[in-house]
Structure formats: C-alpha cells, structure tokens
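J.: Take this structure, written in structure tokens, and hold onto it; I'll ask about it next.
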Amino acid sequence: MATLPRYSSSLSINSVPLYSPEPSAGEQRLDHTALRGAARRPAPTGVLTRGNARVSVILTNQHDGAAVPTYGRNDSVKGLLHLKDAKDVTLVSVKLDGIIDLTVAEGSSSYTPLVTETKHVWQAERSAPSSSNAAPIEPCPDMIEFECTIPPTFRIGERTRQLPPSFAFSSTGIPGLFAKCKYVLTVEISKKSFWKRNTTSILHTVHILSAYTPTQTHPSQ
Numbered sequence: 000m001a002t003l004p005r006y007s008s009s010l011s012i013n014s015v016p017l018y019s020p021e022p023s024a025g026e027q028r029l030d031h032t033a034l035r036g037a038a039r040r041p042a043p044t045g046v047l048t049r050g051n052a053r054v055s056v057i058l059t060n061q062h063d064g065a066a067v068p069t070y071g072r073n074d075s076v077k078g079l080l081h082l083k084d085a086k087d088v089t090l091v092s093v094k095l096d097g098i099i100d101l102t103v104a105e106g107s108s109s110y111t112p113l114v115t116e117t118k119h120v121w122q123a124e125r126s127a128p129s130s131s132n133a134a135p136i137e138p139c140p141d142m143i144e145f146e147c148t149i150p151p152t153f154r155i156g157e158r159t160r161q162l163p164p165s166f167a168f169s170s171t172g173i174p175g176l177f178a179k180c181k182y183v184l185t186v187e188i189s190k191k192s193f194w195k196r197n198t199t200s201i202l203h204t205v206h207i208l209s210a211y212t213p214t215q216t217h218p219s220q
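Anchor point for the sequence shown: position 55 equals 54 in numbering that gives the first Met the number 0, and the numbering is continuous, going up by one each time.
If you want it as structure tokens, here you go:
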C-alpha cells in the first residue's frame with residue numbers, strides 16, 4: 000500500500016517563495032476581482048504619439064515608456080488628432096475594432112468580430128445640404144479632441160460575454176493552432192475628391208494596435 004509523503008514541520012525562510020501583489024516582468028493578470036470599497040489606481044498621465052506625415056494621433060492616459068497604448072475595463076480611448084493639412088477635409092472618424100483570429104496549420108481559419116465602435120469626431124457642415132460638393136461653412140480645425148468608449152462586453156449569438164484581453168497563443172502540436180485577440184484603433188480622414196464632383200474619398204488612414212487588459216481599472220476621467 001502506498002504511503003503518504005513525509006512533511007517537515009519546520010520551514011526555513013529560504014524555502015518560502017516570494018510573492019508580490021503586482022505582476023513581475025513577463026507576467027500578466029488573467030483575471031482580477033477588486034475588493035468592494037478598495038481604492039482604484041490613479042489613471043496614468045503619460046502620452047503616446049502615433050501617426051504619419053499627414054496626421055499625428057496623441058493618446059492620453061498612458062503609462063510612461065509604454066510600447067503600445069493600453070486600456071482597462073471601462074476605460075475610454077482619449078486623445079487629440081493633429082492634422083498636418085486640414086484643407087478640404089470633410090469627415091474625420093475614429094474606429095475601434097476588436098477581433099479574434101483563429102488559424103489551424105492545415106489551412107482553415109476563422110474570424111470573429113468582438114467590437115466595432117465608430118465615432119465621427121468632426122464632420123463638415125455645408126451651405127447647400129443637397130450638394131456634397133458645396134463648400135463647408137467652417138474649415139476643419141488642425142487639432143481635434145476625440146473619445147471612444149470601450150464596451151466591457153460583446154455578444155456572440157444570444158449570449159453576452161466579457162470582452163477578452165489582448166493575447167496571442169500558438170501551439171506547435173498536430174495540427175498547429177494559432178489564436179490572437181487584438182484591438183485596433185483606426186483614424187480615417189476623408190477629403191473632397193479632386194477628380195470627381197460630389198464625391199469624397201478616404202485619403203489618410205492610421206492604424207494603431209492597442210492592448211486591452213480588463214484587469215487594469217482606473218477612475219473615470
């Protein structure tokens with residue numbers, strides 16, 4: 000009959016593992032339940048700038064030195080758009096997309112949209128509403144503030160689920176499996192078409208990969 004392993008009644012300080020309430024480098028919380036009445040962490044005050052020669056996207060409430068913009072549950076994507084050339088701009092939109100990509104090494108793949116939030120942060124008002132080619136009453140400003148709320152849940156079929164965190168998973172077994180959950184912030188700038196009357200076209204687009212960590216919560220700004 001097998002016997003139980005022997006245990007020592009005395010433990011040395013060196014045998015007790017070290018624990019920390021915060022994740023160490025290379026670690027990440029998968030879930031977290033805040034204590035009722037516990038103080039929330041203050042929102043970070045850094046900024047992160049992305050963009051191109053046409054437009055700069057200045058994201059606020061970011062951690063200093065962050066490589067990608069990061070957001071937690073109930074956060075909003077806030078920032079400022081700096082347009083280098085606002086002439087003839089007719090529409091400025093900010094869109095947040097969350098998707099899950101699932102790919103099997105044999106070739107099959109699936110795409111599941113989680114979030115699609117679009118907000119027009121500036122739109123031209125025209126003197127002649129019946130003609131999209133009419134001149135705007137006011138020109139587009141060079142600096143535009145924006146805010147896009149991240150929903151905490153998404154629907155799949157008839158069920159409502161918590162929005163999952165950003166992650167990337169790969170399995171080299173047979174068959175290989177690759178899964179990725181990603182969130183992308185897209186800024187689109189539309190201008191009046193030079194070649195075609197009464198039409199506009201999206202000329203400038205900026206895609207920004209963002210990280211969503213629902214275990215990170217901050218007070219509302």
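The beta carbon of each residue, even a glycine, is placed where N, CA and C say it ideally should be.
Please return the same chain residues whose Cβ sits closer than 7 angstroms to the Cβ of THR152, not counting the five positions on each side in sequence.
T.: The sequence position of residue 152 within the sequence shown is 153, counting from 1. The beta carbon of THR152 lies closer than 7 angstroms to those of THR159, ARG160, GLN161, LEU162 in the same chain, with the five residues before and after it left out.
J.: Can you tell me the Cβ-Cβ gap for VAL54 and VAL186, rounded? I've got them flagged as a contact below 8 angstroms.
T.: Locating residue 54 in the sequence shown gives position 55, counting from the first residue. Locating residue 186 in the sequence shown gives position 187, counting from the first residue. Their Cβ separation, rounded to whole angstroms, is 6 angstroms, which keeps VAL54 and VAL186 in contact under 8 angstroms.
J.: Looking at C-alpha atoms only, which residue of GLY156, ALA123, ILE99 is the closest neighbour of SER165?
T.: Residue numbering aside, residue 165 sits at position 166 when the sequence shown is read from its first letter. When each option's Cα is compared against that of SER165, the closest is ILE99.
J.: Taking only the alpha-carbon atoms, compute the straight-line gap between ALA167 and ASP74 and give it to the nearest angstrom.
T.: Along the sequence shown, one-based indexing puts residue 167 at 168. Along the sequence shown, one-based indexing puts residue 74 at 75. Taking the straight line joining both Cα atoms gives about 22 angstroms.
J.: For ALA85, does the count of other Cβ atoms within 10 angstroms reach 16, so buried, or fall short, so exposed?
T.: Here the question's residue 85 lines up with position 86 in the sequence shown. Buried is the call here.
J.: For ARG154, name the three-state secondary structure that DSSP assigns.
T.: Position 155 of the sequence shown, counted from the first residue, corresponds to residue 154. ARG154 falls in the strand class under three-state DSSP.
J.: Indicate whether LEU282 and ILE188 have their beta-carbon atoms separated by less than 8 angstroms.
T.: Residue 282 lies beyond the range of the chain shown here (0 to 220); nothing can be said about it.
J.: Leaving aside the five residues before and after ASP141 along the sequence, list all residues of the same chain whose C-beta is less than 6 angstroms from its C-beta, in chain order.
T.: On the sequence shown, position 142 is the one that residue 141 refers to. Same-chain partners within the cutoff: LEU82, ALA85.
J.: Among GLU144, GLN122, PRO213, LEU113, which has the Cα closest to the Cα of ARG154?
T.: Numbered from 1 along the sequence shown, position 155 holds the residue referred to as residue 154. Among GLU144, GLN122, PRO213, LEU113, the Cα nearest to that of ARG154 is on LEU113.
J.: Distance, Cα to Cα, THR115 vs LEU95?
T.: As a first step, residue 115 must be located in the sequence shown, where it is residue number 116. As a first step, residue 95 must be located in the sequence shown, where it is residue number 96. The straight-line gap from Cα to Cα measures roughly 6 angstroms.
J.: List the endpoints of the continuous beta strand (DSSP E) containing ARG49.
T.: If you number the sequence shown from 1, residue 49 lands on position 50. Counting along the chain, the beta strand (DSSP E) containing ARG49 begins and ends at 45–50.
J.: Report buried or exposed for GLU137, applying the criterion of at least 16 other Cβ atoms within 10 angstroms of its Cβ.
T.: The sequence position of residue 137 within the sequence shown is 138, counting from 1. GLU137 is exposed by the Cβ-count criterion.
J.: Alpha carbon to alpha carbon, how far is VAL46 from VAL67?
T.: Mapped onto the sequence shown, residue 46 falls at position 47. Mapped onto the sequence shown, residue 67 falls at position 68. For VAL46 and VAL67, the distance between alpha carbons rounds to 11 angstroms.
J.: Which residue wins for smallest C-alpha separation from VAL93, given the options ALA178, VAL205, GLY64, TYR110?
T.: Stepping through the sequence shown from its first residue, residue 93 is reached at position 94. For the set ALA178, VAL205, GLY64, TYR110, the Cα lying nearest the Cα of VAL93 is the one of VAL205.
J.: On the DSSP bridge assignment, give the partners of SER170 in chain order.
T.: By 1-based counting over the sequence shown, the position of residue 170 is 171. SER170 pairs with LEU176.
J.: Looking only at its chain, what residues have a beta carbon closer than 8 angstroms to the beta carbon of GLN122, apart from the 5 residues adjacent to it on each side?
T.: As a working mapping, residue 122 is identified with position 123 in the sequence shown. THR89, LEU90, VAL91.
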